[in-house]
Each structure stands twice: as C-alpha cells, then as structure tokens.
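What follows is a set of notes on a single structure, which appears directly below.
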Amino acid sequence: MAHDIRKSTQEISQSVVGVNKSIEELGEMSAQVSRASREEAQGTKSIVSAVEEVRSMTDDMVVATSRQTENTKQIETSVDRVSDMAQRIFDEMDDRRKGSLQVIEDLRSLKEKTE
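Structure below.
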C-alpha cells in the first residue's frame, strides 16, 4: 500500500511539473503575442508576419491548454486515488482498533470467569 501511495505521489508530482511547464509555455506565448503586436506598426510585411506568428502561437496555446487540462485531470485522478488509499488505511486502522478492543474485552471476560 505504501508503494501505491509513493507511486500516486510520484504521478501527482509529474502532473504538477507538466502543469507548471504548460503555464510557463503560456507565459512565453503571451510575451510573443505582445512582441507580434508591436511589429504590426512596422508595415504591411510586418503585419503579415505577425499575423502568421500569432496564428502559430494560438495553435501552440491551444495545445498547451489541452495539455494543462489533461495534466489537471491526471492530478485529480491521482488525488482521488490517494484519498481512497488513505480512507482504506484509516478504515483498516479502525477495524484493527475495534479488533484489539474486542480482544481486551474477551481477556477481561475470561479473567473474570477464572477468578
């Protein structure tokens, strides 16, 4: 079970890294869009070039956003798995506690019968 928790934790870490990378890519693309807007003032050739660059960046942003969405889903799935595992651990601990209490009660009862 500890292995499963470690594995889920690693999956969460990997997903978080992916989300961070997507956020960085979106920031870089946003900066590129700003540069493209300034280039439009340089004339028709610059405008055409900037529009093509913006289109390319928009496609990249769509891809990055899709990746970020997928990474978010993976994080949610991993969090759900960890939550389920934690609940099972707590349930097992509670069952063991109840079992221990029953053993103690049985021993007390047995002691009272032998006295």
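Letter by letter, the sequence shown follows residues 44 to 158 in my numbering. C-beta atoms are modelled at their ideal positions from N, C-alpha and C, and glycine is treated no differently.
| Item | Value |
| --- | --- |
| Alpha carbon to alpha carbon, what distance is there between residue 128 and residue 53? | 15 Å |
| What does the alpha-carbon distance come out to for the pair residue 149 and residue 143? | 10 Å |
| Classify residue 155 as helix, strand or coil using the three-state DSSP reduction. | helix |
| Answer yes or no: do residue 65 and residue 107 have a C-beta to C-beta separation smaller than 9 Å? | yes |
| Nearest CA to the CA of residue 100: which residue from 70, 57, 49? | 70 |
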